[in-house]
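Engineer: Numbering (my numbering), first residue to last: 26 to 602.
Don't be surprised by glycine CBs; every beta carbon is placed ideally from N, CA and C.
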Amino acid sequence: MKKAKTNRKLFSLSQNIVSTTIFLDALFLILVMAALAFIYVDQFGDDLPIGIEVLFIVFLGVIALFMTAVALILSKKIHKVLAPIADITSAIEEIKKGNYDIHINIKENNEFKLIGNALNQMSKEIGNQVQLVYKSFAFDSLTGLKNLKTSSQDIDEILFKQDDKMAVCLLEIGNLKSIGVTKGQTVVEELMQKIAERLNIFAGNSDFIFSNSPNEIVFLIQGVRSLERVEADVTKLLELFKEPIDIKNYKVEVHINIGIAIYPSDGKEIATLIKKCDTALFKARESGAGKYTFYNDQLIRDVNYKQQISEQLALAIKNQQLYLKYQPLVDNKNEIYGFEALVRWKSPTLGEISPQIFVANAEESHLIIPIGNWILREACRAQIEMKKRFDKKFVISINVSPVQLMQKDFIDNLRTIIRETEIDPNYLVLEITEGVLIESSLYLDEIIEYLHQIGAKIALDDFGTGYASLTYLKQIPFDNLKIDKSFVDGIFGPKKDHAIIATIVQLVHSLDIKVIAEGVEKRRQYEYLKQIATDVFQGFLFSKPLTLDEAAHYIDQFYKVAKGRRIDVFAGKDFNE
């Protein structure tokens, strides 16, 4: 507004200067014309007729007066031109400064009035658009939550004013993408709205909840006196998402993880705190859905280590650093049922790397797709090799990642591998985890139908560790079910897992599904599992994972022992006894 007033003052001053200049120019012109007239008469007066001198002087005077009148008229015209120009210029300056609430009032009904009216309308429309753009940047259009990026300065001010500690929590919906793939984007949108609603109720103040990305939400916990208080609050929050959320006839499981950083010990600005939350979230994600982790310095070292793994994993495929080991599966008739193929990686710089670390890393980077195809091909070749050596057809069981399974060309790739390796599909078992049931159960139908068409089998791995229930076994025609090691470990524990396992075996057998017990390490575990009619056993009691040559030696030695004595010979001692 100050600049507009200045413009008007400058206009008034310029108008006065112009008017004065025109008047002085006209006066000067009269004097010049008069001087010229007298000079002319003086020089040529003797030759002119009498009276002509006077007429000539009068004529020049009339011209001078006429020009003066024209000048004065022009002065008024200029005033009419300069006034609206000044108003329009002032309005444009206000628009440039971001002030769109302007009104140009030009009384004259001319082109300038049209321009002024157009500017009035344009500034109003620009103002409306600016508000819409601001809202789209400042708020998440789906959840209505404030955007973290546009609110970072406000958050820093909130942090600066805090006398107590404050917890910054980064919440991630880990399976949001797979929900979108299997159930549709409309389900995702409604899910995010319901999650935001629950968070608003939980926090009691939407000023402390922010959208960070399509599957991440940040919320602040004020007045932190102890980490125990934060743990209690976060645990309550996770309880809100323990049960499935009903959306459009779906029961949607939500996999929530939370990374936590504390102000001011972990950082004094929101950007720094979010980075540390992200590091903590990485660790929480590894622990499984429904977990939270506080940031600490060790985490950053772990993240750096995993970053090294990410960088070298692509080279590991290219340089053939990956290899397979095979763990025997022994049935309740003392025969070798088959082998489970397990991927391993020995890096020349990092050494032997745990599959739990690099497989999870490969899934995040989608390198699991080429790795998974390589595993399928190598394991099928190994099965053919064992068949040739021993003239026996052993089952080969292969873990398939959910990421790999959800690829549109999965069936085509599997068909190609079966054709190239010439494996009998009747001896091929693909293992999937419980998480796949929730994330891609609809897509599974096509895969399972194809597997059963060609005679291959599908197994549910790690049963009892995740979200699956016996209901899924009625809906999906599995061939094998693998009871997780955690249940086997608890057979003789205080939680009566032995009774649970016995019930599972009975129910699963009623569905014509084979039961495989994983992680069998003690002889009495084996005896109990055999007593309740478990079909197949796998674990260190029988053998650790073996190279292909070691597996061949194991088979050779196994069948040299009489059938009745094989368990005593190959499973005579508890693992680590």
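#1: Which residue wins for smallest C-alpha separation from residue 449, given the options 437, 485 and 412?
#2: Roughly how many angstroms lie between the CA atoms of residue 590 and residue 254, to the nearest whole one?
#3: Considering only the alpha carbon of each residue, which of 544, 317 and 394 lies closest to residue 425?
#4: Please classify residue 260 as buried or exposed, where buried requires at least 16 neighbouring CB atoms within 10 angstroms.
#5: Measuring alpha carbon to alpha carbon, tell me which residue in 479, 340, 234 and 186 is nearest residue 164.
#6: Which residues does DSSP list as the beta-bridge partners of residue 354?
#7: Hey, residue 314 and residue 281: beta-carbon distance below 8 Å or not?
#8: What beta strand (DSSP E) runs, 3 residues minimum, are completely inside the segment 237-284?
#9: Using the DSSP secondary-structure output, state which residues sit across from residue 376 in a beta bridge.
#10: Span of the alpha helix (DSSP H) holding residue 309?
#11: Quick check: the Cα distance between residue 453 and residue 403, rounded to an integer number of angstroms?
#12: By how many angstroms is the C-alpha of residue 368 removed from the C-alpha of residue 278?
#13: DSSP on residue 454, reduced to helix/strand/coil?
#14: Tell me which residues share the same chain as residue 339 and place their Cβ nearer than 7 Å to its Cβ, disregarding the 5 neighbours each side in the sequence.
#15: Using only the alpha-carbon positions, how far apart do residue 428 and residue 388 sit?
#16: On the DSSP bridge list, what partners appear for residue 287?
#17: Ignore the nearest five residues each way along the sequence and tell me which others in residue 473's own chain have a CB closer than 7 Å to its CB.
#18: Could you please give me the residues that DSSP links to residue 571 through a beta bridge?
#19: How is residue 539 classed by DSSP in three states: helix, strand or coil?
#20: Please check the pair residue 558 and residue 534, which I expect to be a contact at CB under 8 Å, by giving their CB distance rounded to whole angstroms.
#21: Of the choices 343, 217 and 371, whose alpha-carbon is the least far from that of residue 200?
#22: Could you tell me the boundaries of the beta strand (DSSP E) in which residue 422 lies?
#23: Measuring straight from C-alpha to C-alpha, what distance separates residue 445 and residue 226?
#24: Using the three-state DSSP reduction, which class does residue 167 fall into: helix, strand or coil?
#25: Under three-state DSSP, which class holds residue 559?
#26: Pull the bridge partners of residue 318 from the DSSP assignment, please.
#27: When the Cα of residue 497 is compared with those of 514, 532 and 364, which residue comes out closest?
#28: Straight-line CA distance for residue 243 to residue 177?
#29: Can you check whether the CB of residue 566 is closer than 8 Å to the CB of residue 547?
#30: List the residues that DSSP assigns as beta-bridge partners of residue 484.
#31: Tell me the rounded alpha-carbon separation between residue 414 and residue 563.
#32: Assign residue 416 to buried or exposed, taking buried as 16 or more other Cβ atoms, counted over all protein chains shown, within 10 Å of its Cβ.
#33: Assuming the contact rule is C-beta atoms closer than 8 Å, residue 196 and residue 283 should be a hit. Round their C-beta distance to whole Å, please.
#34: Leaving out five residues on either side along the sequence, give the residues of the same chain with a beta carbon under 6 Å from the beta carbon of residue 506.
#35: Can you tell me whether residue 317 sits near the ligand HEM, meaning its C-beta is under 7 Å from at least one heavy atom of the ligand?
#36: Assign residue 192 to buried or exposed, taking buried as 16 or more other Cβ atoms, counted over all protein chains shown, within 10 Å of its Cβ.
Structural biologist: Taking the geometry as given:
#1: For the set 437, 485 and 412, the Cα lying nearest the Cα of residue 449 is the one of 412.
#2: 58 Å
#3: 394
#4: exposed
#5: With distances taken between CA atoms, residue 164 lies nearest to 234 out of 479, 340, 234 and 186.
#6: 363
#7: yes
#8: Fully enclosed beta strand (DSSP E) runs of no fewer than 3 residues occupy 241-249, 270-272 and 275-277 of the segment 237-284, in order along the chain.
#9: 372
#10: 295-311
#11: Between residue 453 and residue 403, the C-alpha separation is close to 13 Å.
#12: 29 Å
#13: strand
#14: The residues are 392.
#15: About 6 Å.
#16: In the DSSP output, where bridge partners are listed per residue, residue 287 has 192.
#17: Excluding sequence positions up to five before and after residue 473, its CB lies within less than 7 Å of the CB of 483, 501 and 502, all in the same chain and listed in chain order.
#18: 351
#19: Looking at residue 539 - three-state DSSP - the assignment turns out to be strand.
#20: 7 Å
#21: 217
#22: 420-424
#23: 57 Å
#24: Assignment of residue 167 by DSSP, reduced to helix, strand and coil, places it in the coil class.
#25: coil
#26: 284
#27: For residue 497, the nearest C-alpha among the options comes from 532.
#28: CA-CA distance, residue 243 to residue 177, rounds to 11 Å.
#29: yes
#30: 456 and 505, per the DSSP bridge assignment.
#31: 23 Å
#32: That one is exposed.
#33: 5 Å
#34: 485, 488, 533, 538 and 540
#35: Ligands are entirely absent from the displayed structure, and the ligand HEM is therefore not among its contents.
#36: buried
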